[in-house]
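As they're listed, the protein sequences go chains A and B. Just so we're on the same page, this note's numbering is the position in the first sequence counted from 1, plus 322. Just so we're on the same page, this note's numbering is the position in the second sequence counted from 1, plus 10. Even for Gly, the Cβ is constructed at its ideal location relative to N, Cα and C. One structure is given below, encoded as C-alpha cells.
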Amino acid sequence: MLATALWISLTLIVLALAMNVYRLAKGPDIPDRLLALDTMYVNAIALIVIAGLWFNTKTYFEAAMLIALLGFISTMAICRYLLRGDIIE
Amino acid sequence: MTLALIIEALVSLLLICGGMFAFTGSLGMLQFKDFFMRLHGPTKGTTLGIGCVLIASMIYFTATQREPHMQELLITLFLFLTAPVTGHMLAKTGLHMHLRFTTSTRGSLPELLDEDVGQSRVAKPARPKRPGSSKNRRRQLLKTRGR
Numbered sequence: 323m324l325a326t327a328l329w330i331s332l333t334l335i336v337l338a339l340a341m342n343v344y345r346l347a348k349g350p351d352i353p354d355r356l357l358a359l360d361t362m363y364v365n366a367i368a369l370i371v372i373a374g375l376w377f378n379t380k381t382y383f384e385a386a387m388l389i390a391l392l393g394f395i396s397t398m399a400i401c402r403y404l405l406r407g408d409i410i411e
Numbered sequence: 011m012t013l014a015l016i017i018e019a020l021v022s023l024l025l026i027c028g029g030m031f032a033f034t035g036s037l038g039m040l041q042f043k044d045f046f047m048r049l050h051g052p053t054k055g056t057t058l059g060i061g062c063v064l065i066a067s068m069i070y071f072t073a074t075q076r077e078p079h080m081q082e083l084l085i086t087l088f089l090f091l092t093a094p095v096t097g098h099m100l101a102k103t104g105l106h107m108h109l110r111f112t113t114s115t116r117g118s119l120p121e122l123l124d125e126d127v128g129q130s131r132v133a134k135p136a137r138p139k140r141p142g143s144s145k146n147r148r149r150q151l152l153k154t155r156g157r
C-alpha cells in the first residue's frame with residue numbers, strides 16, 4: 323500500500339515540477355518566472371522528503387531544511403531587487 | 011498488527027493528498043490567465059501539499075524508528091510561516107511592475123463598496139480665510155484704525 327502511494331505522489335509531484343518548468347520557460351513577465359521558481363523549490367522539498375521515505379533514511383532531512391531556508395531568502399532578495407532596485411540599502 | 015496497518019493507511023492517505031494538492035497548485039499556476047490569479051495556486055495549494063507530505067514522513071519515521079521524530083515539523087512550520095510573506099511580496103512586485111491583468115481581476119476596495127457609501131456627502135469643513143486676500147486686509151486695516 324505504501325509503495326503504491328509513494329508511486330502516485332511521486333508521479334504527481336514530478337508532473338507539478340514539469341508544469342513549473344513550463345511556466346518558468348514561458349512566463350510572460352519576471353514575476354511569473356519568480357513565482358514558478360518559488361513553487362519549484364517547494365515541490366523539490368516534497369520530492370526530497372519522498373526520496374527519504376523511499377530509501378528509508380533520515381539523511382535527506384537536512385537538505386530539505388537547507389532548500390526551504392535558502393529558497394525563501396532568495397525569493398525575498400529577488401522581490402526586493404525588483405521592488406527597490408537594491409537588495410540591502 | 012492492526013496499528014501498523016492503520017499507520018500505513020494514514021501515511022498513504024497523507025502522501026496521496028499531498029501529491030494531489032501540489033499538483034493542483036501547479037496546475038493553477040499553469041492555467042490561470044494573469045499573474046494575480048496565478049498567485050493563488052502556489053501560495054495555498056502547494057503549501058498545503060508540502061505540509062501533508064512532511065506530516066506523512068513524520069508519522070512514518072516516528073512509527074518505524076520507535077522514537078519521536080519531530081524535525082519535519084520544523085520545515086512545515088517554516089513553510090507555513092513564509093508562504094504568506096512570499097505571496098505578499100510577489101503581489102507587491104506585480105503591482106509595482108504594472109503587470110497586465112484581466113478585467114475580472116480588478117475589484118473595488120472592500121471598505122469603499124458602492125452600496126455602503128452614504129446618500130448625501132458629508133459637508134466639507136469651511137476653508138480658512140487667507141490672510142493675504144484684499145478683503146481681509148482692508149478689514150484688518152479698519153480694525154486697527156478703529157482702535
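Item, Value
"Where the alpha helix (DSSP H) containing residue 23(B) begins and where it ends", "12 to 41"
"Within chain A, the residues that residue 76(B) reaches when beta carbons sit closer than 7 Å", "Under the 7 Å cutoff, chain A gives no residues; its nearest Cβ is about 13 Å from residue 76(B)."
"Assigned exposure category for residue 365(A) - 16 Cβ within 10 Å defines buried", "buried"
"Pair within 7 Å by beta-carbon distance, residue 33(B) and residue 359(A)", "no"
"Contact under 7 Å by Cβ, residue 330(A) with residue 60(B)", "no"
"Where residue 11(B) meets chain A, residues with beta-carbon distance less than 8 Å", "In chain order: nothing, as chain A lies at least about 14 Å away."
"Beta carbon proximity, residue 337(A) to chain B, threshold 7 Å", "yes"
"Simplified DSSP state of residue 323(A), which is helix, strand or coil", "coil"
"Exposure of residue 39(B), with buried meaning 16 or more beta-carbon neighbours within 10 Å", "buried"
"Supposed contact pair residue 18(B) and residue 324(A) - C-beta distance, whole angstroms, cut 8 Å", "5 Å"
"Exposure label - residue 407(A); buried when at least 16 CB within 10 Å", "exposed"
"Helix, strand or coil at residue 407(A) [DSSP, three-state]", "coil"
"Start-end ranges of the alpha helix (DSSP H) lying completely within the region 351 to 400 of chain A, minimum 4 residues", "352 to 377"
"Opening and closing residue of the alpha helix (DSSP H) in which residue 94(B) lies", "81 to 106"
"Residues near residue 393(A) in its chain [Cβ-Cβ closer than 6 Å; skip 5 each side]", "363"
"Run of the alpha helix (DSSP H) containing residue 71(B), from where it starts to where it stops", "57 to 75"
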